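Asker: My questions will all concern the structure given below.
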Amino acid sequence: MKTPLAMAIAAAALTLSTAQADEPRHGGTLNTVIQPEPPGLVLGMIQNDPTRKVAGNIYEGLLSYSTDLEPRPQLAESWEVDDDGLVWTFQLREGVTWHDGEPFTAEDVVFSADVFHRDLNPSARAVLDHIESIEADGDHTVVFTLKQPFGPFLLSFEAGTFTMVPKHLYEGTDFRDNEHNDHPIGTGPFKFENWDRGTVIELVRNDDYYVDDLPYLDGINWHVIPDGASRAVAYENGTVDVLPNGTVENFDIPRLAELDNTCMTEEGHEYFSPFAMLWMNNREGPTEDKRFRQAVMYAMDREFARDVLWNELGNVPLSSFGSNARFHHDGLDPYDHDPDRARELLDEMGYDGEEVRLLPLPYGETWTRWAEAVQQNLREVGINVRTQSTDVGGWNQRLGDWDYDLAFTFLYQYGDPALGISRTYLSTNIERGSPWNNVGGYENERVDELFNEAATAFPDEEREALYHEVQEILHEDVPVGWLMELGFPTLYRCDVKDLVTSGVGVNDGFKDAWLDR
Amino acid sequence: MLYVRLILMRLLKAVVVLFMIIIFNFFLIQMAPGDPAAILAGEAGATDEAFLRQLRERFGLDQPLYVQLWRYVSGIAMLDFGYSYRQGVPVFDLIMARMPATLLLTGTAFVLSLAMGIFAGSLAAARAKKPSGSLIMALALLFYATPLFWVALMSVVLFSVYLDLLPAYGMYTVGAGHTGLALVLDVAKHLILPATTLALFFMAIYTRMTRASMLEASQQDYVKTARAKGLKNSVIQRRHILRNALLPIITLAGLQAGQMVGGAILTETVFAWPGIGRLMYEALQQRDYNLLLGIFFFSAALVIVFNIITDLVYRLADPRIKEGS
Amino acid sequence: MSFFARFAQNRGALIGLIILLAIIVMAILAPLVFPESPWRMVQRPFLPPMEVDGFPLGTDTMGRNVAAGLMHGAWVSLLIGLVSTLVALLIGVPLGAVAGYYGGLIDDALMRFTEFFQTIPNFALAIVLVAIMQPSVTSIVLAIALVSWPPVARLVRAEFMSLRNREYVEAARLVGQTNRTIIIRQILPNTLSPIIVLASLMVATAILLESALSFLGLGDPNVMSWGYMIGAARTVIRQAWWLSFFPGVAILLTVLALNLVGEGLDDALNPKLARERS
Amino acid sequence: MTDNHTTPLLSLRHLSISLPKGADRALAVEDVSYDVYRGEILCVVGESGSGKSMAANAVMGLLPKGVRASGGEALFDGQDLLKLSEKQHRTLRGLRIGMIFQEPMTALNPLMRVGDQIAEVFEAHGRLNGRERQKKALALLTEVGIPQPDKAIRAYPFQLSGGQRQRVMIAMALALEPELLIADEPTTALDVTTQAQILELIRDLQRRRGMAVMFITHDFGVVAEVANRVCVMRHGQIVELGKAQEVLKHPRHDYTRALIEAIPSNVIPEARGAETDTALLEVVGLNKVFRSKGGLFKAAREVHALQDVSFSLVKGETIGIVGESGSGKSTLGRCVVRLERPDSGTLKLSGTDFMNLQGEALRRERHRVQMIFQDPYASLNPRHRVGYAIAQGPMASGISKAQAFAKAKELLALVGLGGTDDRYPHEFSGGQRQRIGIARALAMEPELIVADEAVSALDVSIQAQILELLEELKQKLSLSLLFITHDLRVAAQICDRIIVMQHGRIVEQGSAREVFLAPQEAYTRELLDAIPGRDQELANA
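Protein chains in written order, with our numbering: chain S, -17 to 499; chain R, -5 to 319; chain W, 901 to 1178; chain E, 752 to 1292.
This is the structure we're talking about:
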């Protein structure tokens, strides 16, 4: 197994090292922004990005993860596994209470995993499929028994995926209509205080937090500002101190980063490792032809996109596994920007100028610009591209109905190929109606076999061999276009210390943060 | 009594129009691509069939269209606008929470634009042949021709960033905990930029309209009569010309007041003003049908209320309507 | 006095006409001056104006030539303005004519219909329509037309109502002309001048509407329009003012010119009518 | 009378007023001199475009934009008005010089109560306080004879009739007892009976207050009623100036003579016997009610425009329908040509039931009855060449384009406008347009022509020409004519028979001679008595 490589950005390293030099101080309310406004804050029920960011401070999972994705204790103090990799025993921390004062026990864990998430949470269900049973052993011990070894099992306990919800408030109710949804109760370092919709979400310090001294902050205000330029202004005039990833447009980042007292880190996204891809419809049209898909890879100037659109943050991927993904294969021939090669391939396949529809990702300006750049790249090698503009609803619909030729997307890798990568390529994961499965319609029996074997193989050396083979096949077939491993920078005032301490970044970062003022 | 009758009649008409709007929008929105459940699922980053089914059942999206429509319409009859798909909160509560902000913004902009527009317009009319009058009209034309959002962006850069005089966004200073007068002043300070931005365009319209209308009114015989009486020019301008010139402006203002709600979408977005314009745009993006329908309903209702008010004001201003046909 | 002489008496209108002609020439010359696609990334990004030869207005976020975009955009913006106004006229004129000419129940029904469209806030409806049809030149034109016809219908109706009992119309009725002939040959030509004036303003409004839609990301991604350019430049307004400035000025000038021309047309078309009415 | 004052109150000396560039002539008024003395009424008479009102406007300082006094002087009480600043001029207006205008409908601010508008005069000159002003306004309203002045003072203009509004205007002009009253066509827009009352009022007030009055009119009848002296103007110049009696009896100038002669005289031509006895138009028990649209909560209002109207017209006959505004005469005409549909009764044209025709059937029969309209400016489509305007009728009934245009040319020649078929209406004068209107009606070869106030919008001299033309055409083409007019004299001149209408009913009908010389009904007599200058003329006869 290769250790996932943290993004080596000098600035980030610098800020982290200086930050740790000082003695943490209590006090102060931190202002930050959230974009878009989350639909709700009950993390077990909604797992979209804004909810994770805010509610990650209210709720907790059993484990947290370091910036190199090593599991760390959270609500579970320790854990052990038997030699077959089947029975996992978690020791829970004692003296933890919910925000309403009730004690947190093993019963809550069993309820959360087995009842609550099984009912509501599709990403948890994917893990639950591998689990035989979940049992409480006393108040502070929980035993998970797996059906077969599952490589990424330990990576599944992040707060966003397997959050702990209070059994005493939810058991026997209609979860979605529960009155406590308006006032979420968790075990985290901050408590929900107030939500003025359209304006601000306010969290306050949980004075009864189980880790002494933590948190240092008195509270967090998440400002809701719908316009990117306004968010930048809010940072500039000092209203907010932290701009979590994705809250300002990429074009603005270099300018903001140069402001006084401003630091930037790219750490804190390792768990997600967002990977931008270009879906290519493998079922029909020119994109059905492997040579066409390869031509697209050669035609795109990905370096340009990284340098101009993403401000040199991020990484042009070699192939299907991100460069910091586990079991990454770095011995493959890169698809460099080579328009001539692309034209050759198109000639070879006899491309006749049939129109190809390109669906941009409606997630903001950078993505729109990117689609424009790709459109221009492809046109220049003679591909007749027409961009179809659409909003989130249309994008979902088109992808879910496979009504597209080329489409932008980005996917989280969740730390392990079995959680975040295989889902894109497995033919068993082709199903209409979702934009998050094998939307490209790629079918390859050998790839299916390899992925399935690798997921349950034990130990890691065995997994690595299988994954390397699959990467070679995918690299040749180009079922999707691999665009970019995205860098997700967080901008903040340098006097905000210890902001990013885990692999999910600010999602649970405010626990340790303090203000040096 | 007359007014009661009039209002009753207008309300009756309003109910019919609103009913049509419900139906129209209901089908319009149904035509939009994208299933709200799929979008919610999409936002979550992961989905499966069970999850989608769950959501659809919950929102009643699994029912045939006519059942959905019937449920919606009969709900509205009891002032039940359903739940927002995305936020899981009653639509009525969401809209009511945002309505005051929109009313404050559009109301202020409306009054501002009307007052300034009429003032500038009458000034320009009085000085129709002088350079100062031409200058006012040139400015009005400039404001009219400048895209609203561009003004918004520029004013943020100028007043918030470079001059640091006014807050760039939001409705109040978060975390300041102002109450009472301090809060009012705080909100007022936040209101200045968005309200002015929104008002500029409409001010330009009123300025031009007032001027044209006043020039036309000044051609009327009764103005000659007034001059024959030996009245001062300023009195003639105010009492005879302006009063008559205002009548068409009242009508126009009624129409524009409704459009302001639409124009507020851009302003609210740029200035992060927590009003229903912004809520609408978000609801559209998220295919939050119930919320979108609710907002359409309320903004149409707002337009109708504005129209009724316009009618009443017109009646107050023009005695001929009261008794005549 | 000839029509043009009367028009030219209004100095503003003359200036407006000159600006408008310049913009039209710009649109026509675009493919000759910049034969390459305006989408092509040709220089380093964020090149300020006048810094490098051949890039008088600089380059945008991706190194595309702003001058090329501006000239190609003129075509698109004018086209969208014109076509959507035409479509709006095609809806509004017949509707208003029929309502105003026949009056009574037909008028009532048609006016309720019109009011209904006016009750939904314009811009909101346009957004929803474009979102539903998905952004493209066609859908934008349709959406703009659908929200801008009611004033046309009202104007035409009012004109028809005031003209339908004119003595020459009654004379036409008395000599046995059909309603259709009377509407088309007798009344419609006499309503043209206010319609033309309104139309010139509608083109301006349509251009503004298109830019507002583009600003919200609801523009056609395949064509370079001014609204698109501003929308795309919005996020970088602080580091590259020229990206939103030039298209902003272009819109401003066009709208300004159309308004001035409208005023001039009004001046040129109306005194004659005023004389005839008195 | 009292014209032997030594110094005139107002004296115009060589006054010239220039028009803006592009007007049809350079000077509106050219080298005009006349005096107005205290206690006299000077009538300034002229047709439209004679510049008769311009001098008055110059005196008031109310010249339209672009028009200015370019020479001479206007001495008021020794002071040259043309040299006054706007402020100085203002202090004279309303205080020492009062003015009333032609259109009582538009000369009052529609949004202000009548009392307030009168009180404004005092306010303008800083007289009295608020309550006194209202009291004074009430007294003035009483003086000018408005019924229920205490109510009228709170009324808005639209609630008053035209005559009442003109009384309000007079009250306003006289509020500060000015020395000079300028009356610019104050009765032209009024019905004859109302006109007589207003003239009486002005004369009465003038006598009581000893004011000087400058009375501008186009009507020599009015001159005969009120004038002490007359000033006749044409093309901006004075044609004749002298004592009223002298000018009327012994006009020295041809133009004056022509004007006086153009007034339809009281000499009634003999009625021609009808050519046949068979009725061309039969109207029996015609009723027409106009209902204002009621709403759910609003009561509908009804106006009985026609009540049980019966008459018949034989071929070749001309019938005059006479009445004041609101008498239903126009409605009757519009019903006959079927621009309106009567509610009940019988309307037969040569035996065909013309009343119940609808839609396509009506359209095909329409050519049988044609109309000549009142307003020569509104009756021709400004976008159509006159040849086409005439030809389109025949074309609509299926005649070939070439034939129709040929016919149009012929008809234009017939009405004295040969060779003008490719011109647009705005190239013609009012009288010429009326000729085109007649040609258009003739083009359809109708059995009956309805002329609705066909000459009332025209200057007297033109009026005479059109009447002459109609007379000539009647002879030549043996037309049958229904001639609707408010002017009994005009009717008497051209009609064989006259029908007098009031409030939608026929009051009296008979041969023109009978009705005019021996009216049977009180209302008819009232109408006849109200004709201005009638006594004068009868004396002349």
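Backbone N, C-alpha and C fix where the C-beta goes; we use that ideal spot for every residue, glycine too.
None of the values given here were measured: they were computed from a predicted structure.
Assuming A95/S and G120/S form a contact by the criterion Cβ under 8 Å, report the distance between their Cβ atoms to the nearest whole angstrom.
Answerer: That pair is no contact at about 17 Å.
Asker: Got a sec: which bits of the stretch 935 to 949 of chain W sit with their beta carbon under 9 Å from any beta carbon on chain S, in order along the chain?
Answerer: So the close ones are S937, W939, R940, M941, R944, P945 and F946.
Asker: Can you name the residues that DSSP bridges to E976/E?
Answerer: DSSP, once it has assigned bridges, lists no residue as partnering E976/E.
Asker: May I ask you to list the residues that DSSP assigns as paired with N176/S?
Answerer: Looking at the DSSP assignment, N176/S forms a beta bridge with E184/S.
Asker: Determine the chain E residues that contact R1073/W at a beta-carbon separation under 8 Å, and present them in chain order.
Answerer: The contacting residues are L1090 and R1117.
Asker: Can you pull the chain W residues whose beta carbon is under 9 Å from the beta carbon of F1124/E, in chain order?
Answerer: What F1124/E touches in chain W: E1067, Y1068, E1070 and A1071.
Asker: Among residues of its own chain, excluding the 5 on either side of A908/W, which ones have a beta-carbon nearer than 7 Å to its beta-carbon?
Answerer: Cβ neighbours of A908/W beyond the five flanking positions: L914.
Asker: Alpha carbon to alpha carbon, how far is A1159/E from R1115/E? Give it in angstroms, no decimals.
Answerer: In a straight line, the C-alpha of R1115/E is about 20 Å away from that of A1159/E.
Asker: So T1097/E and G1036/E are supposed to be a Cβ contact under 8 Å. How far apart are they, rounded?
Answerer: Yes, T1097/E and G1036/E are in contact; Cβ-Cβ is about 7 Å, under 8 Å.
Asker: At a CB-CB cut-off below 7 Å, which residues of chain W make contact with R1191/E?
Answerer: Within 7 Å Cβ-Cβ: A1071.
Asker: List the residues of chain R that Q1018/W touches, going by C-beta distances under 8 Å, in chain order.
Answerer: Per Cβ cutoff of 8 Å: L249, G252 and V297.
Asker: Report the three-state DSSP secondary structure of N227/S (helix, strand or coil).
Answerer: Here N227/S sits in coil by DSSP.
Asker: I'd like the list of long-range same chain contacts for L473/S, defined as Cβ closer than 8 Å, with 5 residues on each side in sequence excluded.
Answerer: Hits under 8 Å: Y217, V224, L225, V230, I235, L238, A239, T244, C245 and M246.
Asker: In this structure, how does DSSP classify I1235/E when only helix, strand and coil are distinguished?
Answerer: Strand.
Asker: Counting only C-beta atoms, is V795/E closer than 9 Å to chain R at any point?
Answerer: No, V795/E does not count as interfacial toward chain R.
Asker: Name the residue from L108/R, V264/R, N284/R and P242/R whose alpha carbon lies nearest to the alpha carbon of I16/R.
Answerer: Ranking L108/R, V264/R, N284/R and P242/R by Cα distance to I16/R puts N284/R first.
Asker: Under DSSP, the beta strand (DSSP E) around W261/S begins and ends at which residues?
Answerer: Start and end: F257 to M262.
Asker: Quick one: which residues of the stretch 853 to 885 of chain E get their C-beta closer than 7 Å to a C-beta of chain R? List them in chain order.
Answerer: Residues passing the 7 Å Cβ filter: E854, T857, A858, L859, N860, P861, L862, E871, V872, A875 and H876.
Asker: So, at 6 Å on beta carbons, what are the nonlocal neighbours of I991/W in its own chain, with the 5 sequence-adjacent residues on each side left out?
Answerer: So the list reads W1049, once near-sequence residues are dropped.
Asker: With contact counted as at least three CB pairs below 8 Å, one residue from each stretch, are the stretch 408 to 425 of chain S and the stretch 313 to 320 of chain S in contact?
Answerer: The stretch 408 to 425 of chain S is not in contact with the stretch 313 to 320 of chain S.
Asker: With a 10 Å radius around its C-beta and 16 neighbouring C-beta atoms as the bar for buried, classify W144/R as buried or exposed.
Answerer: With 16 or more Cβ atoms within 10 Å of its Cβ, W144/R is classed as buried.
Asker: Does chain E have any CB closer than 9 Å to the CB of R221/R?
Answerer: Yes, contact with chain E.
Asker: With 16 other CB atoms within 10 Å as the buried threshold, where does Q1077/W fall?
Answerer: By the neighbour-count rule (16 or more Cβ atoms within 10 Å), Q1077/W is buried.
Asker: In angstroms with no decimal places, state the Cα-to-Cα distance between V998/W and T1091/W.
Answerer: Spanning the two alpha carbons is a distance of roughly 13 Å.
Asker: Could you tell me which residues DSSP puts in a beta bridge with E1053/E?
Answerer: Note: E1053/E sits in a beta bridge opposite R1042/E.
Asker: Beta-carbon of P1145/E versus every beta-carbon of chain W: anything under 9 Å?
Answerer: True, the Cβ-Cβ gap to chain W drops below 9 Å.
Asker: How big is the Cα-Cα spacing for L778/E and I768/E?
Answerer: Computed Cα separation, rounded: 6 Å.
Asker: Do G133/S and A439/S have their C-beta atoms closer together than 9 Å?
Answerer: Yes, Cβ-Cβ distance for G133/S and A439/S is below 9 Å.
Asker: When you check each C-beta in the stretch 951 to 979 of chain E against every C-beta of chain R, which residues fall closer than 9 Å?
Answerer: Listed by position along the chain: nothing, the set is empty.
Asker: What's the call for H205/S, buried or exposed, on a 16-neighbour Cβ count within 10 Å?
Answerer: Looking at its Cβ environment, which holds 16 or more other Cβ atoms inside 10 Å, H205/S is buried.
Asker: In angstroms, rounded to a whole number, what distance separates the CA positions of S305/S and F290/R?
Answerer: Cα-Cα distance, rounded: 48 Å.
Asker: So the alpha helix (DSSP H) T1105/W belongs to, where does it begin and stop?
Answerer: Start and end: L1088 to F1115.
Asker: Against chain R, which members of the stretch 915 to 944 of chain E pass a CB distance test of less than 8 Å?
Answerer: Those would be M920, M923 and A924, in chain order.
Asker: Identify which residue in L989/W, L1025/W and P931/W has its Cα closest to the Cα of L1113/W.
Answerer: Ranking the options by Cα distance to L1113/W, first place goes to L1025/W.
Asker: Taking C-alpha atoms, which residue in L1160/W, M1129/W and V1149/W lies nearest to N965/W?
Answerer: With distances taken between Cα atoms, N965/W lies closest to M1129/W.
Asker: Give me the DSSP bridge partner(s) of D786/E.
Answerer: Note: D786/E sits in a beta bridge opposite S762/E.
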